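Down below is the structure, laid out as structure tokens.
There are 2 protein chains.
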Amino acid sequence: MSTLLLTGVRPLGGPASDLLVEGGRITRVGEGLAAPEGATVVDGRDQLAVPGLVDAHAHLDKTLWGLPWRPHTAGDGLAALIDNEHRGRAELRRQGVTVAQRATALLGAYVAAGTSHIRSHVDVDTAAGLDSLHGVMEARDAFADRVQVELVAFPQSGLLVRPGTVELLEAAVRAGADLVGGLDPAGFDHRPAEHLDAIFAIAARHGRGLDIHLHDGGELGAFTIDLIIERTRALGLAGMVTISHAFALAEVPGPRLEGLLEGLAGQRISLTTVAPGNRPPLPLARLAAAGVTVGLGCDGIRDLWSPWGDGDLLGRAALLAWRAGARRDQDLAAALELATTGGAGVLGLDGHGLEPGCWADLALVPAATVGEAVVAHPPRSLVLKRGRVVARA
Amino acid sequence: MSTLLLTGVRPLGGPASDLLVEGGRITRVGEGLAAPEGATVVDGRDQLAVPGLVDAHAHLDKTLWGLPWRPHTAGDGLAALIDNEHRGRAELRRQGVTVAQRATALLGAYVAAGTSHIRSHVDVDTAAGLDSLHGVMEARDAFADRVQVELVAFPQSGLLVRPGTVELLEAAVRAGADLVGGLDPAGFDHRPAEHLDAIFAIAARHGRGLDIHLHDGGELGAFTIDLIIERTRALGLAGMVTISHAFALAEVPGPRLEGLLEGLAGQRISLTTVAPGNRPPLPLARLAAAGVTVGLGCDGIRDLWSPWGDGDLLGRAALLAWRAGARRDQDLAAALELATTGGAGVLGLDGHGLEPGCWADLALVPAATVGEAVVAHPPRSLVLKRGRVVARA
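In the order they appear, the protein sequences are chains A and B.
Residue 1 is where the first sequence starts when you use the working numbering, and the numbers rise one by one after that.
Residue 394 is where the second sequence starts when you use the working numbering, and the numbers rise one by one after that.
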């Protein structure tokens, strides 16, 4: 790997510094660093540097990115959305549009926006088997030197309501999925304990983590969180479990919330949010105070579920901050932290940041402060992945 | 005025049409129109045309647009925000940065985004008198052929709590303000009936409309709306009154809301919303069903109140739609309608639209449907104001 000297950037809005990058990592940060012989020098003057953006909750296999705009056609409710996706995906297959093509197009957008890591759920069901997994793995491999992607085997069409899916999830893990997923064990699958027992068993058997979609709100969602905490503790999976969405945490009364936070923190269960517009926002300040790690994700991007999204985590941080009424730079910075440090915590990344020793995964943004970077989220002027320039405005 | 033939555009996503523009108005819409001798021909192929965007609630005098990013410094609550603005404005005056300069910079952004009309509130208070009004009028005049601006004399620092302000509002109207403003007659000024009596009296005396800021929520806001309806009826000002924000309508129980909607519709009182992130959204479907006109605004843009905003009404429509959970093209189109037809209704514009006879105020957007135009809100490829090209990508 070549040596690169990035000059005059402002890490997270701090004073201008030079960053020396060797062997893919940041090795020195300081003023007026000399370029080693043979080093490439990149002028980063007046640019704010942010660590590689982390999408902690994506759905690469679902995207229609790069295809013509497709007006949303689904009815209301989860079942209608799932049916609509089955029809839409069948149509795409007839047209010869592959999962790999669509995921590849979206990964290009992610890289241009400065994304260094993505955790993507991938549908596994009895209709398409592991096709989506193989397609996303193909796209992931093609982008291996530009963005790192980990995959969750996701029972989008239900687990126990679709016999054969439990076996498919395990096959997905054998085929290369990094984590085991779940979907509303109570509200959608109707057998919460059995659903969780099945996916925790696969995870424990293969030494993998879990990332469970939980849209169920109020006490039903809180009850499911209790069950997840219980199983995480029983199986010794502390630090390996994520709950995605977890709307219930925004809806239960204060004392109930406190109990849940204690359980989550105790088992180091992390959360992801996609900053939804029409659901109550997660109680982020209380989560932070309780020591619960939260990552940010773009969720599905321009797919059969929703026309929204563009793979820009800075823009998503802006939506999160705007929804919360954030105005001060420190509050805007807190939103960005979910898309950097928070996501890195969810994915368990080592060496994520802008300090010496960290991987040189970063993006330059023409902005004065992190606040401006979030509010305006202008196109990235330069993106480095492990010290290599992978995108430039 | 010159003649212009705009070819192959898709009005609001409809079939490709040519638009003939003569004397500043659209005179013909059809396929394969011949260019009259001497006409300028502009190729609009593959572009979606939207009517001129209308910002029904702006604060041109407050903006820091064009200046370096300024982290937000205010404390919480309305009084802290007002104090913060007084300090910030004094600092700007000391630096020699004028209202006219700042408003001019922002008008440039508005025009580039396809904005044809703006209703701007302008602070009138006992500290700065009519300075802001004169500054904004200067900027407005400089942009007269690119965007039409109407001004509301706005008692930002309070009306009755700041003796002398009532007289200043009347002086503002004499000096050229188009409408009379108000601010939380109950919650901020503490004398709702007297506050409203004072501003309605000025409006009636000068034959002007009113546009009243009403942040007060719940029953206090609903009570104030009752008082506004009562005075509108008593003074025969039907169709000349707007309530801005009107958060209370999102908060009162259904039967109470029904009564308010009947009163608003009966007096043709319009509303504006700025699509706030952290307040409940207005019940837009019920307002539409009741026949109440609603316009969309960007509110203050990158100012001492808030760092948000960029003068793009399409982007603001996206926030409104996203906050409401809109996914279908028709729901996304409804959000855009607030920024076109809705705003035109609030401002009482004639000839706003894309039909023959309308003013040729329009923007071209590289998008397949109105849904895509809202979700992606890409830079406008061309902007016409009264038939003249005023911005181009």
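In this text, a Cβ means the ideal position worked out from N, Cα and C, and glycines have one as well.
These figures come from a predicted structure and were not determined experimentally.
Can you tell me where the beta strand (DSSP E) with residue i in it begins and where it stops?
i: R119(A); result: T115 to D123
i: T497(B); result: T497(B) -> not in any beta strand (DSSP E); alpha helix (DSSP H) instead, spanning V492 to A505.
i: L5(A); result: L4 to P11
i: L19(A); result: S17 to E22
i: R162(A); result: Where R162(A) is concerned, there is no enclosing beta strand (DSSP E), given that its DSSP letter is neither H nor E.
i: R438(B); result: It is not in any beta strand (DSSP E) - R438(B) carries neither H nor E in the DSSP assignment.
i: T420(B); result: R418 to G423
At 8 Å on the CB atoms, spell out the chain A contacts of residue i, in chain order.
i: S699(B); result: R327
i: V758(B); result: Within 8 Å Cβ-Cβ: nothing; V758(B) doesn't reach chain A, min ~12 Å.
Here's a check: name, in chain order, each residue in its chain whose Cβ is nearer than 6 Å to the Cβ of residue i, leaving out the five neighbours to either side.
i: L441(B); result: R403, G406, V758, A760 and A766
i: G459(B); result: A498
i: T3(A); result: E22, P36 and A39
i: R191(A); result: L160
i: G263(A); result: I229
i: G371(A); result: D329 and L332
i: R279(A); result: F247
State the start and end residues of the unbroken alpha helix (DSSP H) segment that holds residue i.
i: Q148(A); result: Note, Q148(A): premise wrong, no alpha helix (DSSP H); beta strand (DSSP E) at Q148 to F154.
i: L526(B); result: D524 to A535
i: L168(A); result: T165 to A175
i: L53(A); result: Run containing L53(A): none in the alpha helix (DSSP H); it sits in the beta strand (DSSP E), L53 to A58.
i: L664(B); result: Careful: L664(B) lies outside any alpha helix (DSSP H), inside the beta strand (DSSP E) at S663 to T666.
i: I286(A); result: For clarity, residue 286(A) is Arg in the given sequence; the question names Ile instead. Unbroken alpha helix (DSSP H) run through R286(A): L284 to A290.
Which residues of chain B have a Cβ atom closer than 8 Å to the Cβ of residue i, listed in chain order?
i: W65(A); result: In chain order: nothing, as chain B lies at least about 11 Å away.
Assuming residue i and residue j make a contact with CB atoms under 8 Å, what is their CB distance in whole Å?
i: L653(B); j: R679(B); result: Contact doesn't hold; Cβ gap of about 10 Å is too wide.
i: T519(B); j: L561(B); result: 7 Å
i: E150(A); j: D178(A); result: 4 Å
i: L313(A); j: C298(A); result: 7 Å
i: V739(B); j: R512(B); result: 7 Å
i: A394(A); j: L320(A); result: Any property of residue 394(A) remains undetermined from this structure, which presents chain A solely from 1 to 393.
i: A546(B); j: G574(B); result: 6 Å
i: R323(A); j: H465(B); result: Incorrect: roughly 17 Å between the Cβ atoms, too far for contact.
i: G32(A); j: D18(A); result: 7 Å
i: G300(A); j: H59(A); result: 4 Å
i: V645(B); j: S663(B); result: The Cβ separation is near 19 Å, so there is no contact.
i: G780(B); j: A753(B); result: 4 Å
i: H514(B); j: T665(B); result: The pair is not a contact, with the Cβ atoms about 10 Å apart (cut-off 8 Å).
i: D211(A); j: S244(A); result: 6 Å
How would you list, in chain order, the residues of chain A whose beta-carbon sits under 7 Å from the beta-carbon of residue i?
i: T762(B); result: W69 and P71
i: E765(B); result: W69
i: R716(B); result: G277 and N278
i: V768(B); result: P307 and W308
By the criterion of Cβ-Cβ separation under 7 Å, what are the contact partners of residue i in chain B?
i: A339(A); result: Neighbours of A339(A) on chain B: none; closest Cβ ~17 Å, over 7 Å.
Excluding the five sequence neighbours on either side, which residues of its own chain have a C-beta within less than 8 Å of the C-beta of residue i, listed in chain order?
i: G176(A); result: L133, M137 and L151
i: V111(A); result: F143, R146, V147, V383, K385, V390 and A391
i: L130(A); result: V124, L168, A171, A172 and A175
i: L613(B); result: A579, G580 and A641
i: A128(A); result: R89
i: R624(B); result: L589, D590, F593 and L630
i: R626(B); result: G659 and Q660
So, for residue i: in the same chain, excluding its five sequence neighbours on each side, which residues have a beta-carbon less than 7 Å away from its beta-carbon?
i: Q156(A); result: I82, D123, D125 and L183
i: L742(B); result: H510
i: T617(B); result: P578, A579, P585, L607 and D609
i: T98(A); result: G135
i: E587(B); result: L553
i: P356(A); result: I26, T27, R28 and V29
i: A769(B); result: A760
* Runs of beta strand (DSSP E) lying entirely within the region 179-259 of chain A, each at least 3 residues, in chain order -> 179-183, 209-214 and 241-245
* Entirely enclosed beta strand (DSSP E) segments - the region 685-710 of chain B, minimum 3 residues -> The region 685-710 of chain B contains these whole beta strand (DSSP E) runs: 687-689.
* **Complete runs of the alpha helix (DSSP H) confined to the region 67-99 of chain A [at least 4 residues]** => 78-94
* Can you give, in chain order, each stretch of the beta strand (DSSP E) that sits fully within the region 318-392 of chain A and has at least 3 residues? -> 362-365, 382-385 and 388-392
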